[in-house]
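Numbering (the numbering used here), first residue to last: 337 to 1206. Backbone N, C-alpha and C fix where the C-beta goes; we use that ideal spot for every residue, glycine too. As the structure is a computational prediction, the values presented were derived from the model and not from experiment.
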Amino acid sequence: MYELEFNNDDLQSLQDSFCKANDIYMVCVSRKHGQLTSFSGSKPEEDFVDSNFKESLQKEIVDSFVDGAPENIVEPASAEDYFMYRGVVFRGEKDEIVGTWLCFAVDKEMAPASLEFPNALRTTTKIRFDKAIALLENLSKHYVTEILRNEHLKKRLSQIQSEEKEVENKLIKNELMTEILRLMESDESFTKVADEILAFSGKYIECTNTALLQMSEDGLSADMILEWSEGEEKLSPAFQKVPIGNLPFMNGKPYTISSDAALPQAFSIFFNKYSIKGAILLPLNVNDSTAMYLCFLSVNKERQWSVDEIRFSNDIKNILHTILIKKITANSLAGSYSALEAILQNSGYGVVVIDMPKKQILYKNDTFGSMFDNPIDKVAIEELLFNKNYNLSELNGYSANGSGKWYDLSVADIKWVDGRDVRLITFYDTTDIRNYQKKAEKQAQTDTLTGLYNRQACEKDIAMEYHIATKLGKEFAVLLFDIDNFTTMNEGLGYRMGDDLLAFIARSINDISSIKGKCYRIGGDEFAVLVDHENIKNLDLIIKRIMNLFENPWVLNDKEYNCTISMGALRAPAKISDSSAILTRLTIALKGAKEKGHNSFEFFDDKAEVIVEEKEELDEDLKKAVSHGCREFKVFYQPIMEFVDGVPNCCGAEALVRWDSSERGLVMPSGFLKAAEDQNLIGDLGHYVLLEAAKSCKHWNDFGHPEYKISVNISPVQLVQKDFVDRLDAVLKQTAIDPRNLTLEIADDFGPGAMPRVIKALDAARALGCRVALDNFGANGSAINNIKKLPIDTLKIDKEYTSQMQGDAFAKLFVKTVAELANSVDVDVCVGGVEEDNQINMLGDYQVNLVQGFYFDKPLSKEEFGKKYI
Ligand code: C2E
Ligand code: MG
């Protein structure tokens, strides 16, 4: 079970939005951590809630929930009909209680008229309250599921990391052993070889110093004859002719001393003298007496030795010992041969020595024998060994005749004990490492929800198929589809059911035999299918089979759900070979299919290719223009008029950007803003417009029009960027504009998920003193309750309604009603797109005080605006 990690800020923001949207009050408490969120609302509201939602009742609610019990909602009795109380609990993986929402709401209608309520108190009805509570239960479940999913992922990641570390260590050890094998064969002196081994092994075991102590001939003192250290000061200069009495370990026994060991006094004195915190001290005996000590030291650093490290240090000691013996008995062939054999037998690698011309195996160790211990492999390996033409790099990654085993090989031409030229070949078994790599690669490329491969795997497979199909001169195809209106469906179904539906669909697609294993989930509800060159002849059939799957309802939990898909397809090889470019083009085809309406299909063709190329050029030019300091962008100003006693007076302007491109001429915002958002250039471009507009307005304010205000359009992408508020603050400071004269215009066409972040940014902007206008209201299906949800000062009615007011009774009523509604919540109204006299006349009857449109003026350059209105 996991200890859930809550981000209290997230919980708080969830609570703030939820309370505001549903007109209720609540806080979140946990038995273990106490109160997790603070009250959302003003002080008078908080006092009111505190006095009517007693602590004893809160405690009673919290205590009424039991781990593992099915109830998630508790409704305590209320003495007054007009006060409503609920507890909503959310649970972890094993149904244990993680937190409880304490909810309180007021139904003012039910209260006696004599009762006094604070002014801003939020009120609701019983029906709304019940709905809100049901939604809260659902939301909390989803929230916990998300957190749990993150926890699982984190755990898995750390497991993968430690497995990777293990594999890495194994690889390093392999390299080290190879190097040591080479050194064993070298003709260099013992000191030279031992010096290198000390350095290798010191680095591998990550100690601060490794050293070799040599006993003096008289046996009374010892010298540090070799030392390696990394970073730490060397001990060897002071470690000469040290009396044996001061070296308590030098008694022929091995010692492994970790930092937490209780040391006998003599050891303690020795360790303190050299600031040693941990040591492995191993004797090298020659002819039954101790000649040397191999020391792995941790100076000034606490150290606990692991079993692997102790084993490793012993291996190194054995190797040094063998080399020492070999060198001592250098003149004895037999001696060196048996020493070498002892090492080779114990090295854990397959070692074979061959006489190439005679095609004769001179030596093989037991490991080599067991590696290829079957008749087929034996033949295969002999062919390999005596094949004169092999080259080392090709041999790496040798697989023994389909045995499922993998080896890395190293080859060295050496002199044999009798002086002839022989070849030494070492086989390292890398099967585990390879299998691990394969497994890790597969995991990284699998989508956990559906079990299908993910986008990464899709791109890789497309690249591979492209390569094969081009070579064979054949075609293949890629399909991309998504579920129509999945977001709405997902919200309706609940996220868990939505996930089940995706998994169900994934399974059904992957069951189509000709595309099995070639289906990918590459985004939320986006699936791709690769129809390879062998199956391309069935393309039409495959498309039909996929579309047919959606003709019948999907059954989840005994209920039927209907959904359709839209699909884009591309036949390749086309001009492009890059997998991600193929997917981009498919996205365009999919968009085309969607534009045709639901349940449709579209091929990406040459016409579409031209559009893509044009877009790529535009993207490139735009990137250049923004990175060159936005100099090509010009800010225009369209006056906004205020009716004072029925007479329109200019009261400021809306800043509208144009791109005066050296390549393309004057480009209007519709021609480049979307591309700027997609390419993440909108932050810099928007900042430039904000700064220019604020400078202009400050200039007008200083030159006779202190009341003029400037409205600047802010893209939702720009608004939710992390540094937006800081950059806004910088503009205010840099220009010294009165913040009340700066209005940020935002449209409400951002996704529902972005709402909390949008509100947070707008609240921060208002805290700096700026004003906020909700732009294009009525376009793109703006929700009427956004007027209440979003912190706004002005509402701008979309010009589409203005143009239709004349002939369309609905448009007229819309403008009138929205204006009344806005006024009733103390929000200014501005009507845009005013072009004609009769529109002005009509607006005169409504509660509209601000207007804007070609009737007064088109957007003007800064100079033109100055001439006319300053
Ligand atoms: P918007 O915020 O709704 O701006 C008003 C648009 O309507 C402007 O188009 C303006 O020229 C046009 N307009 C004004 N009066 C009339 C009228 O009487 N009749 C008609 N038919 N049109 C009128 P423009 O300049 O092409 O801007 C289009 C949109 O581009 C703006 O719509 C705004 O959403 C966006 N935009 C413009 N500048 C910026 C900017 O600096 N940043 C961001 N993020 N968006 C901008
Ligand atoms: Mg605007």
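When the options are compared against residue i, the one with the closest alpha-carbon
{"i": "Val480", "options": "Ile769, Thr923, Thr436 and Ser494", "result": "Thr436"}
{"i": "Phe1039", "options": "Tyr1205, Ser552 and Lys775", "result": "Tyr1205"}
{"i": "Asp1065", "options": "Asp559, Gly1202, Pro1092 and Ala1097", "result": "Ala1097"}
{"i": "Ser1051", "options": "Val1067, Tyr1044, Tyr591 and Leu1080", "result": "Leu1080"}
{"i": "Glu1140", "options": "Asp876, Asp1111 and Met1178", "result": "Before going on, a small fix: residue 1140 reads as Gln here, not Glu. Residue Met1178 is the option with its Cα nearest to Gln1140."}
{"i": "Lys741", "options": "Phe722, Ile717 and Asp749", "result": "Ile717"}
{"i": "Val1048", "options": "Trp564, Leu1021 and Gln1057", "result": "Leu1021"}
{"i": "Ser649", "options": "Lys873, Pro619 and Glu949", "result": "Pro619"}
{"i": "Arg756", "options": "Lys694, Gln773, Gln550 and Asp765", "result": "Lys694"}
{"i": "Lys1132", "options": "Glu429, Ala1083 and Leu484", "result": "Ala1083"}
{"i": "Asn846", "options": "Tyr831, Phe863, Ala991 and Met446", "result": "Phe863"}
{"i": "Asn1112", "options": "Asp835, Ser998 and Phe1086", "result": "Phe1086"}
{"i": "Glu407", "options": "Met586, Met513, Ile360 and Glu432", "result": "Glu432"}
{"i": "Ser683", "options": "Tyr361, Thr592 and Lys509", "result": "Lys509"}
{"i": "Ile901", "options": "Asn723, Ala776, Ala748 and Asp818", "result": "Asp818"}
{"i": "Glu566", "options": "Thr546, Asn1122 and Ile1095", "result": "Thr546"}
{"i": "Val365", "options": "Val503, Glu953 and Lys395", "result": "Lys395"}
{"i": "Glu870", "options": "Gly860, Ile1095, Pro590 and Glu811", "result": "Glu811"}
{"i": "Asp651", "options": "Gln681, Phe606 and Lys951", "result": "Gln681"}
{"i": "Tyr789", "options": "Ala839, Tyr772 and Arg770", "result": "Ala839"}
{"i": "Trp995", "options": "Met977, Asn985 and Lys959", "result": "Lys959"}
Nearest-angstrom Cβ-Cβ length linking residue i and residue j, presumed shorter than 8 Å
{"i": "Asn814", "j": "Ala908", "result": "Note on residue identity: the sequence assigns Val, not Asn, to residue 814. Their Cβ separation, rounded to whole angstroms, is 7 Å, which keeps Val814 and Ala908 in contact under 8 Å."}
{"i": "Arg1063", "j": "Gly1105", "result": "That pair is no contact at about 16 Å."}
{"i": "Leu892", "j": "Met833", "result": "6 Å"}
{"i": "Tyr856", "j": "Arg791", "result": "7 Å"}
{"i": "Gly423", "j": "Val442", "result": "Actually they do not touch by this definition, with Cβ atoms about 17 Å apart."}
{"i": "Leu548", "j": "Leu562", "result": "4 Å"}
{"i": "Ile798", "j": "Ser915", "result": "4 Å"}
{"i": "Ser850", "j": "Asn874", "result": "6 Å"}
Check: residue i C-beta below 7 Å from any heavy atom of the ligand C2E
{"i": "Ser1051", "result": "yes"}
{"i": "Leu1009", "result": "yes"}
{"i": "Val1163", "result": "no"}
{"i": "Gly830", "result": "no"}
{"i": "Lys1135", "result": "yes"}
{"i": "Gln974", "result": "yes"}
{"i": "Val1170", "result": "yes"}
{"i": "Phe1190", "result": "yes"}
{"i": "Met1004", "result": "yes"}
{"i": "Val1187", "result": "no"}
{"i": "Leu992", "result": "yes"}
{"i": "Gly1022", "result": "yes"}
{"i": "Pro909", "result": "no"}
{"i": "Pro1195", "result": "yes"}
{"i": "Val1067", "result": "no"}
{"i": "Val1025", "result": "yes"}
Rounded separation between residue i and residue j - CA only
{"i": "Leu866", "j": "Arg881", "result": "14 Å"}
{"i": "Gly686", "j": "Met707", "result": "7 Å"}
{"i": "Ser400", "j": "Leu372", "result": "19 Å"}
{"i": "Thr461", "j": "Ile496", "result": "52 Å"}
{"i": "Gly1189", "j": "Val946", "result": "36 Å"}
{"i": "Pro454", "j": "Met420", "result": "17 Å"}
{"i": "His1023", "j": "Thr544", "result": "53 Å"}
{"i": "Thr786", "j": "Thr923", "result": "21 Å"}
{"i": "Leu720", "j": "Ile679", "result": "25 Å"}
{"i": "Asp523", "j": "Asp531", "result": "14 Å"}
{"i": "His1035", "j": "Asn898", "result": "60 Å"}
{"i": "Leu617", "j": "Ile655", "result": "15 Å"}
{"i": "Ser729", "j": "Ala1090", "result": "Reliability of the predicted coordinates at Ser729 is poor, the pLDDT of 45 falling under 50, and the value obtained from them is presented with this limitation in mind. One C-alpha to the other measures close to 54 Å."}
{"i": "Phe940", "j": "Asp876", "result": "15 Å"}
{"i": "Asn701", "j": "Glu487", "result": "48 Å"}
{"i": "Gln1175", "j": "Gln1015", "result": "39 Å"}
Chain D within 8 Å of residue i, Cβ atoms only
{"i": "Val1094", "result": "Checking the listed chains, one finds no chain D in this structure; it contains a single protein chain."}
With a cut-off of 6 Å, give the chain-ordered residues whose Cβ is closer than this to any heavy atom of the ligand SAH. This structure lacks the ligand SAH; the ligands present are the ligand C2E and the ligand MG.
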